[in-house]
Amino acid sequence: MSAQAFRQTAGGLIDRQAELNFTFDGRRYRGYAGDTLASALLANGVQVIGRSFKYHRPRGIVSAGAEEPNALVALGSGARTEPNTRATMVELFDGLVANSQNGWPSVRFDLMAVNNLLSPVLSAGFYYKTFMWPGGAWEWYEKHIRRAAGMGRATHHADPDHYETVNAFCDVLVVGAGPAGLAAASTAARAGLRVTVVDEHPQFGGALRFERDQLGKESTSRWVERMVADLSSRPNVTLLARTTAFGYFDGNTVGLLEAVANHRPAPLPHEPRQRVWLMRAQKVVLATGAIERPQVFANNDLPGIMLAGAVREYCNAYAVVPGRRVVVATNNDSAYRTARDLADAGVQVIAVVDGRDHAASPLIEEVERRGIEIIRGHVVAQAEGGRALRAVRLAPVASANVHAQRTRRIACDLLAVSGGWTPVIHLQSQRGTKAVFNAELDTFVAGPDTSDCVCAGAIRGAATTVDAIAGGLRAGHEVAGQLGQKPADALALIEQLPRADAHSPLLPLHLMKGAGAFKGKAFIDLQTDVTDADVALAHREGFVSVEHLKRYTTLGMGTDQGKTSNLNGMATMAGHRQASLPAVGTTTFRPPYTPVALGALGGAAVGQHFRPVRRTPMHEWHVARGAHMAEVGLWMRPWYYPSSGADVDAAYVYEMKSVRSGVGIVDVSTLGKIDVQGPDAAEFLDRVYVNGWQKLAVGKARYGVMLRDDGFVFDDGTTTRLAEHHFFMTTTTANAAAVMSRLEFLLETAWPELRVHVTSVTDQWGAMAVAGPRSRALLAQVLGGDLSNDALPYMGCALAQFEDVTVRVHRISFSGELAYEVYCPAGDAARLWDRLYTAGQPHGVIAYGTEAMGALRVEKGHAAGPELDGRTTLDDLGLGRMAKAKPFAGSVLRQRADLIRADRPVLMGLQPENPQERLRPGCIVFPEDGPLKGHGIGHVTSTTYSPTLGRYLALGLVEQGRQREGQRLRAVYPLKGETVTVRVVNPIFIDPEGERLRA
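Counting along the sequence shown from 1, when you hit position 585 you're at 585 in the working numbering, and nothing is skipped either side.
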């Protein structure tokens with residue numbers, strides 16, 4: 001077991017009494033409670049954590065937070081394997097198992113490192129230039145490219161853990177528990193508001209957790225303890241540690257990911273692994289801080305080159321310094337804290353390399369008093385080393401001749417760099433607020449506050465702890481006042497804060513390069529291996545927009561989403577364009593801020609809980625008789641009944657025969673049912689449907705078709721006029737919710753003047769279709785009354801009495817036979833169904849399932865889901881004559897040239913020349929002669945075996961199908977290598993004149 005060679009003998013916030021064992025790449029190491037995986041690896045001298053994405057160069061730890069681009073590891077084993085996890089954010093626990101990624105056979109000896117030698121041909125855009133030829137070879141390339149792409153490997157085992165989703169509300173949500181966030185939360189909480197504070201770390205305090213500074217008469221760490229203790233004691237405050245705000249959405253809703261059990265080997269019983277909070281807040285305070293920027297120079301990706309703030313955190317929080325001889329390179333004052341704290345910890349700090357010529361401040365004076373050399377006006381031009389850093393070469397700022405007298409080489413094994421700070425503006429930008437460029441800080445800061453979101457602290461460019469606290473107090477004061485609460489006297493507290501030290505301005509990014517002639521790649525994006533040469537190439541080839549630059553080079557497209565690289569990339573492009581950084585702009589920030597597991601997004605909605613299971617009133621009856629149930633949309637429906645046959649093929653054929661010759665009942669309770677009432681109900685339906693409704697008589701039904709606004713068919717169904725201002729609409733099962741939503745949308749936005757109310761009554765009514773030549777006799781026996789053609793003609797509606805229950809009887813046929821749809825209050829529907837089945841035994845009644853129901857409608861040529869796929873028009877389906885001249889939804893765009901062209905595929909029937917040959921849905925239709933290439937001239941939508949005709953048949957969409965009637969075509973199913981010769985026929989196979997359904 002390795003010794004912790006780089007652990008300081010004292011100090012840090014770790015618990016040295018709680019020693020933990022863990023493994024990395026199969027080797028055992030030790031750490032302490034309070035460590036992260038990254039700090040423990042550094043303590044044990046592990047420098048190479050992985051290999052880079054494209055060139056497979058050795059990479060080490062760069063940061064200490066969520067911005068880490070390099071140290072992506074695979075955690076766990078078996079079903080709990082989790083790839084691409086940032087080692088900097090993994091809390092160490094006993095027995096933790098981690099493995100490196102992207103190296104074979106190991107990260108120390110990676111055969112894929114040959115890519116580094118091929119780097120001249122693997123530059124930006126090489127995919128687009130290389131894999132274009134020879135023609136048609138992309139499918140061969142793609143297999144190999146996809147096999148090589150990616151980094152970690154996900155497990156194929158089922159996730160053994162569960163996840164939760166919480167909907168929560170608060171007055172004020174504070175994102176970030178650094179000095180600004182704690183100050184804002186304290187002010188809002190003391191005003192009596194419900195406050196929720198979230199932070200991605202296990203402890204609150206931000207950087208103050210490990211800083212060794214004073215805030216007046218107390219240390220910053222003591223100030224944090226006091227603030228957190230006060231907030232914890234208040235009942236109106238919720239503190240969520242280990243919680244990341246990953247997305248800012250409409251309605252002032254913020255998505256939060258709480259890592260509930262990530263710091264344990266496995267969740268406790270009944271504990272989720274992670275929890276997603278959908279937090280709806282009246283006001284949001286963003287105190288998300290800032291991320292330190294790397295510097296760009298030759299070989300700046302060597303293990304041993306780290307961000308200065310991260311080096312300071314590892315030293316102060318974990319008592320780890322991963323180097324013996326340290327150089328600090330900076331363009332701002334913050335890195336001098338690292339030099340000071342390392343020196344105080346007994347580490348040899350050789351020099352601070354400051355790109356500014358005249359940098360001076362009290363902090364710099366502190367460093368000079370410790371005898372550390374400060375080399376002003378220079379930058380690091382090149383790093384030297386193989387698998388780790390050995391030395392750095394310096395050059396004067398912006399020097400054209402890097403070999404001038406002033407160049408210098410310094411041997412070292414740790415380089416702490418700081419290129420300034422980039423505010424974390426991601427969440428505010430997700431709401432559409434444009435960032436503002438701050439010339440003094442040479443970066444983009446948060447844009448203007450809005451009525452529901454206030455920014456405070458480093459996100460606004462606050463450079464000191466005092467400035468951050470003052471900003472937080474102001475933000476808390478502001479939101480409390482906006483919510484009508486008398487805020488605590490935050491402004492007076494600001495006056496009591498100690499005065500902040502004035503710091504020297506930083507050196508602008510465009511002056512940080514003094515290294516042009518030194519050899520070695522200068523990386524901008526460490527995770528996706530984007531170099532400054534790649535940005536230069538993108539500029540030469542015209543990809544100068546930041547969005548084009550991002551996609552052409554993959555800058556900022558890794559799991560870190562460019563947190564450490566974006567600004568350097570934009571600054572490099574600005575230099576090539578000879579434009580200012582604000583003129584170049586920023587890329588679009590999108591959620592999530594950091595990766596979110598799909599399991600967490602799904603929450604408890606997995607397996608049978610993926611969506612609610614809906615059961616019809618007759619469900620128990622179906623189950624009791626052994627029906628094979630199928631999930632159709634949200635509903636469980638009987639697919640077929642085993643008493644009808646040994647398998648589905650035999651069963652549905654038997655059920656079809658029984659309906660055609662006798663009587664069958666099918667459960668259609670799943671149809672969408674919408675009650676439409678009001679003086680303008682008929683006018684509303686006139687606008688919604690393509691056909692007219694004003695003259696429909698009371699007690700009559702009509703088939704209607706709705707279009708989307710773009711002119712394509714949306715849904716179809718029958719609507720019945722129950723009274724002058726009262727209609728009963730039915731929709732397809734799949735579109736019930738969508739139609740209801742559309743109707744409400746149209747009434748609220750397009751036609752608010754219409755006096756109409758729409759109400760979903762899908763669950764209020766059970767429904768059953770009674771179909772077949774003997775259906776009238778069965779209904780008359782059970783319901784009584786006159787059901788003759790004169791009393792209840794086709795498309796008529798009447799009320800009937802079933803014992804003490806009034807039911808609606810609609811004479812509507814989906815099967816093409818004499819048929820009725822009976823609507824009964826849901827609580828009594830199962831009783832009516834059972835009575836129909838029992839009374840129908842002398843008539844040979846059967847219950848039939850969805851397979852037979854679908855096959856019956858194919859015989860009749862009725863269009864359904866496979867034909868109403870969102871790409872068909874009225875004319876495609878042969879329903880164009882239904883459209884009235886009066887405008888309706890979709891009436892304008894249905895006349896687009898492409899939708900009325902003569903060669904569009906239209907609905908036709910297809911019969912195999914050999915009656916016993918079977919067609920499959922999805923078959924591609926080709927002409928009888930010619931090559932079987934491309935997309936053909938159509939496709940098969942629905943198929944069935946017809947016992948009435950004694951053959952297989954199908955519906956399909958065929959180009960110029962009506963002109964092709966009688967022609968022979970070929971239906972090809974490439975997945976199974978099947979080709980069937982078919983003849984184009986009328987899509988109505990059974991009873992084209994409608995004599996059966998009007999019998």
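In this text, a Cβ means the ideal position worked out from N, Cα and C, and glycines have one as well. Just so it is clear, the structure is predicted and the values come from calculations on it, not from any experiment.
Tyr-823 and Phe-727 have their C-alpha atoms some 14 Å from each other. In the pairwise beta carbon analysis, the region 821-836 is classified as touching the region 603-621: at least three pairs are separated by under 8 Å. In this chain, Trp-751 is not harboured by any beta strand (DSSP E), its DSSP state being neither H nor E.
The Cβ-Cβ distance between Val-809 and Tyr-794 does not fall below 7 Å. Distance from the CA of Thr-338 to the CA of Ala-38, rounded to the nearest whole angstrom, comes to 18 Å.
For Ala-40 and Arg-222, the gap between their C-alpha atoms comes out near 26 Å. For the region 268-347, the full-length beta strand (DSSP E) segments reaching 3 residues or more read 274-286, 290-292, 305-307, 325-330 along the chain. Glu-724 and Leu-792 have their C-alpha atoms roughly 19 Å apart.
Note on Leu-231: 16 or more other CB atoms within 10 angstroms of its CB, so buried under the neighbour-count rule. By the neighbour-count criterion, in which a residue is buried when 16 or more other Cβ atoms sit within 10 angstroms of its Cβ, Tyr-641 is buried.
Between the region 680-689 and the region 760-776, the count of Cβ pairs shorter than 8 Å is below three; the stretches do not touch. Taking a 10 Å sphere around the C-beta of Tyr-141, we find fewer than 16 other C-beta atoms and assign the residue as exposed.
In the three-state scheme derived from DSSP, where H, G and I count as helix and E and B as strand, Tyr-820 is classed as strand. Per the Cβ contact rule, the region 302-312 is not in contact with the region 347-356 (fewer than 3 Cβ pairs under 8 Å). Judged by their CB atoms, Asp-529 and Ser-52 are nearer to each other than the 7 Å cut-off. Under the DSSP definition of a beta bridge, Glu-218 partners with Leu-215.
In the displayed model, Phe-684 falls within a helix according to three-state DSSP.
Between Ala-889 and Leu-707, the gap from beta carbon to beta carbon is short of 7 Å.
Here DSSP, grouped into helix, strand and coil, assigns Phe-589 to coil. Judged by DSSP in its simplified three-state form, Asp-649 adopts helix. Distance between Asp-991 and Arg-776, taken at the CA atoms: about 19 Å. In the DSSP annotation of this structure, the continuous segment of the beta strand (DSSP E) that includes His-757 starts and ends at 757-760. Distance between Ala-646 and Tyr-848, taken at the CA atoms: about 14 Å. Burial check for Arg-209: the Cβ neighbour count within 10 Å reaches 16 or more, so the residue is buried. When the beta-carbon positions are compared, Tyr-952 and Arg-918 come within less than 7 Å of each other. For Asn-566, the enclosing alpha helix (DSSP H) starts and ends at 566-577.
Beyond the five residues adjoining it in sequence on each side, Val-321 comes within less than 8 Å, by CB distance, of Phe-6, Gln-8, Val-311, Tyr-314, Cys-315, Leu-342, Ala-345, Val-347, Leu-414 in the same chain, given in chain order. Looking at Tyr-654, Ala-864, Arg-857, Gly-796, the one whose alpha-carbon comes closest to that of Ala-734 is Ala-864. For Asp-715, the uninterrupted beta strand (DSSP E) run begins and ends at 713-723, by DSSP. Inclusion of Leu-302 and Gly-419 in the CB contact set at 7 Å is not warranted, their separation being larger than that value.
A Cβ-Cβ contact shorter than 7 Å links Met-740 with Ser-760.
Between Thr-572 and Glu-547, the CB-CB gap reaches or exceeds 7 Å. DSSP, reduced to helix, strand and coil, places Trp-639 within a strand of the structure shown. With a threshold of 16 other beta carbon atoms within 10 Å, Ala-137 falls short and is exposed. Secondary structure at Val-739: helix, using DSSP grouped into helix, strand and coil. In summary, Asp-110 is buried, with 16 or more beta-carbon neighbours lying within 10 Å of its beta-carbon over all protein chains present.
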